[in-house]
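Participant: The structure is given below, and queries will be raised subsequently.
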Amino acid sequence: MVPLSWYILLGVALFVIGAAGVLLRRNILVVLMSLELLLNSVNINFIAFGRYYADFRGQIFAIFVIATTAAEVAVALGILVALVRNKATLKVDDVTVMKG
Amino acid sequence: MAQGFFLLFAAVSVITALTVVLARNPVHSALALMACFLQVSAIFVLLGAPLLAVIQIFVYVGAIMVLFLFVIMMIDVREAVLQRFLPGGNLPALVLLVLLGVEMLVLVLWSDRFSMAEPVAIRGGDEVRELSTTLFADYLLPFEAASVILLAALVGAIVLARKEPG
Chain A
1 MVPLSWYILL GVALFVIGAA GVLLRRNILV VLMSLELLLN SVNINFIAFG RYYADFRGQI
61 FAIFVIATTA AEVAVALGIL VALVRNKATL KVDDVTVMKG
Chain B
101 MAQGFFLLFA AVSVITALTV VLARNPVHSA LALMACFLQV SAIFVLLGAP LLAVIQIFVY
161 VGAIMVLFLF VIMMIDVREA VLQRFLPGGN LPALVLLVLL GVEMLVLVLW SDRFSMAEPV
221 AIRGGDEVRE LSTTLFADYL LPFEAASVIL LAALVGAIVL ARKEPG
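Quick mapping for you: the protein sequence lines, in order, are chains A and B.
Take 1 as the starting number for the first sequence in my numbering and just add one per residue.
Take 101 as the starting number for the second sequence in my numbering and just add one per residue.
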């Protein structure tokens with residue numbers, strides 16, 4: 001069997017890569033995709049812990065994470081379409097409408 | 101055998117995740133992300149969660165990635181393609197990421213609580229049936245809340261993406 005720490009290390013690797021995408025890239029689409037990577041690494045950890053401690057709640061919380069992600073992506077892409085229609089930019093640094 | 105499969109899926113998923121971040125064209129990023137999600141769903145199968153693997157493929161690969169590709173092709177990405185991506189452009193964020201990664205690696209490798217190689221108890225019987233019983237009996241209220249959230253997101257996305265009248 002695969003040790004539990006291998007799954008956690010895979011989660012760590014995917015989390016760091018996704019955080020790098022969120023923090024370093026300036027393209028809004030790539031930032032959103034990196035957010036998906038972050039949520040997937042969390043899901044891997046949930047399911048691995050649920051499997052190794054024989055608890056269903058890991059899988060149940062992963063289901064809720066996936067449902068919330070679907071809602072988040074729908075709203076984010078709607079906002080993105082409205083943004084591009086109004087401002088015609090895809091760079092994160094150019095979107096400063098909410099700045100006080 | 102399972103270790104070999106895990107190493108294969110983990111290596112491919114890490115490589116495709118790096119491709120998501122490093123690719124210049126967002127379409128390449130989306131396709132690499134799709135491959136990464138497929139590997140993650142294979143890892144879910146290794147973890148004994150076939151229902152989650154199917155949900156992963158249906159929701160992520162089937163719905164979310166198609167939405168992403170639609171939006172990428174609807175938006176003109178040529179300007180975004182032309183700009184180069186420099187990893188060293190944001191030094192504080194890079195230092196923060198390295199610190200985060202090193203900290204998590206040290207904590208996971210240093211602790212001996214994560215070295216268990218076998219699950220505590222092998223469950224017998226139909227796992228998907230038990231999972232759905234738990235989901236619909238003990239977690240019914242969060243389930244309904246998730247459905248309301250999905251409905252609100254659906255309506256909100258339609259309202260946001262609609263063309264302004266006049």
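Virtual Cβ for every residue (Gly too), placed ideally from N, Cα, C.
Remember, it's a predicted structure, so these values are computed and weren't measured experimentally.
By Cβ distance, which residues of its chain are closer than 8 Å to Gln59 of chain A, with the 5 residues on each side in sequence left out?
Facilitator: Excluding residues within five positions, the ones whose Cβ falls inside 8 Å are Phe46, Ile47, Gly50.
Participant: So, are the CB atoms of Asn27 of chain A and Val140 of chain B less than 8 Å apart?
Facilitator: Taking 8 Å as the Cβ cut-off, Asn27 of chain A and Val140 of chain B do not qualify as a contacting pair.
Participant: If you reduce the DSSP assignment to three classes, tell me which class Lys91 of chain A lands in.
Facilitator: Three-state DSSP puts Lys91 of chain A in a strand.
Participant: Can you pull the chain A residues whose beta carbon is under 8 Å from the beta carbon of Met216 of chain B, in chain order?
Facilitator: Here the neighbours are Pro3, Leu4, Tyr52.
Participant: How would you call Ala245 of chain B, buried or exposed, if buried means at least 16 neighbouring beta carbons within 10 angstroms?
Facilitator: Exposed, because fewer than 16 other Cβ atoms sit within 10 Å of the Cβ of Ala245 of chain B.
Participant: Report the rounded CA-to-CA distance for Gly18 of chain A versus Ala135 of chain B, giving the unit in angstroms.
Facilitator: In a straight line, the C-alpha of Gly18 of chain A is about 15 Å away from that of Ala135 of chain B.
Participant: Measuring CA to CA, which of B:Asp226, B:Arg124, B:Leu169, B:His128 is closest to Pro150 of chain B?
Facilitator: If we check each option's Cα against that of Pro150 of chain B, B:Asp226 comes out closest.
Participant: Identify the residues that DSSP records as bridge partners of Asn27 of chain A: which are they?
Facilitator: Note: Asn27 of chain A sits in a beta bridge opposite A:Lys91.
Participant: Report back the beta-carbon spacing between Val12 of chain A and Met204 of chain B to the nearest angstrom; my notes put them in contact at under 8 Å.
Facilitator: Confirmed, Cβ separation roughly 5 Å.
Participant: For Met98 of chain A, would you say it is in contact with chain B, using Cβ-to-Cβ distances shorter than 8 Å as the test?
Facilitator: Met98 of chain A does not count as touching chain B.
Participant: Between the segment 12-43 of chain A and chain B, which residues of the former have CB atoms less than 8 Å from a CB of the latter, in chain order?
Facilitator: Hits within the stretch, in order: Val12, Ala13, Leu14, Phe15, Val16, Ile17, Gly18, Ala19, Ala20, Gly21, Leu23, Leu24, Arg25, Arg26, Asn27, Leu29, Val30, Leu32, Met33, Ser34, Glu36, Leu37, Asn40, Asn43.
Participant: Shorter than 8 Å from the beta carbon of Val95 of chain A to some beta carbon of chain B?
Facilitator: False, the Cβ-Cβ gap to chain B never drops below 8 Å.
Participant: Taking contact to mean at least 3 C-beta pairs separated by less than 8 Å, is the segment 67-79 of chain A in contact with the segment 247-260 of chain B?
Facilitator: Cβ pair count under 8 Å is three or more, so yes.
Participant: Which same chain residues end up closer than 8 Å to Gly266 of chain B when comparing Cβ atoms and leaving out the 5 residues on each side of it in sequence?
Facilitator: Note on Gly266 of chain B: pLDDT 48, under 50, position unreliable in the model; no value is reported.
Participant: Any C-beta of chain A within less than 8 Å: which residues of the segment 156-175 of chain B qualify?
Facilitator: Here the close residues are Gln156, Val159, Tyr160, Ala163, Ile164, Leu167, Phe168, Val171, Ile172, Met174, Ile175.
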